[in-house]
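The sequence shown begins at 13 in the working numbering and counts up one residue at a time.
Just so it is clear, CB atoms sit at the ideal spot from N, CA and C, and this is done for glycine as well.
Here the structure is a predicted model, which means the values were calculated and not measured.
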Amino acid sequence: MVFSIGQLGKLTNTKVPTVRYYEEIGLITPLGRSEGGQRRFDQGSVRRLGFIRHARELGFTLDAIRQLLGLADRPAASCEPIDVIVREQLDEVDRRLANLQAIRDELGRMLSECDGGVASQCRILEVLGDHSLCLTEDHANPIQA
13 MVFSIGQLGK
23 LTNTKVPTVR
33 YYEEIGLITP
43 LGRSEGGQRR
53 FDQGSVRRLG
63 FIRHARELGF
73 TLDAIRQLLG
83 LADRPAASCE
93 PIDVIVREQL
103 DEVDRRLANL
113 QAIRDELGRM
123 LSECDGGVAS
133 QCRILEVLGD
143 HSLCLTEDHA
153 NPIQA
């Protein structure tokens, strides 16, 4: 079965501009184009785009996904480089979790120091206004990191 880019997007819950971007950077390749110039994709493209989306949900970078797809395209390739890529992602997740825990601890500490008074004497506002009062120096948002 052959699909248009719109059909591929619907089948994989992926916006058309995202499919185009993945094509532009070489993660997905259409079979070709129709007489009207529309991109055409097959079931393999559906599976590949599903792979990409799932990997993105797990936090893999596009570069890591490119490497994983390259290895998937070589069935006789060793699993070792795949394991390395996944281990690196797991390490990154652990780093983010530790950062989130530090943020949680800091927020809990700030809240515990609030005596429920007035805003002008609020310890939370004081700590938010003076980073040196935090117990942790670096708690950048790990979701954006």
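DSSP three-state assignment for residue i, whether helix, strand or coil
i	result
G62	helix
G82	helix
G128	coil
G44	strand
C-beta contact flag for residue i and residue j at 8 Å
i	j	result
E125	L147	no
R65	L39	no
Rounded straight-line distance, which links the Cα of residue j to that of residue i
i	j	result
E92	I136	48 Å
E138	S144	10 Å
G141	D75	38 Å
V28	D106	33 Å
L43	R60	13 Å
Presumed contact (8 Å Cβ cut-off) between residue i and residue j, rounded CB distance
i	j	result
L109	V58	The pair is not a contact, with the Cβ atoms about 33 Å apart (cut-off 8 Å).
L80	I94	7 Å
Q55	M13	6 Å
Across the stretch 47 to 56 and the stretch 67 to 79, are there enough close Cβ pairs to call them in contact, namely three or more that are closer than 8 Å?
No: the two stretches stay apart, fewer than three of their Cβ pairs being nearer than 8 Å.
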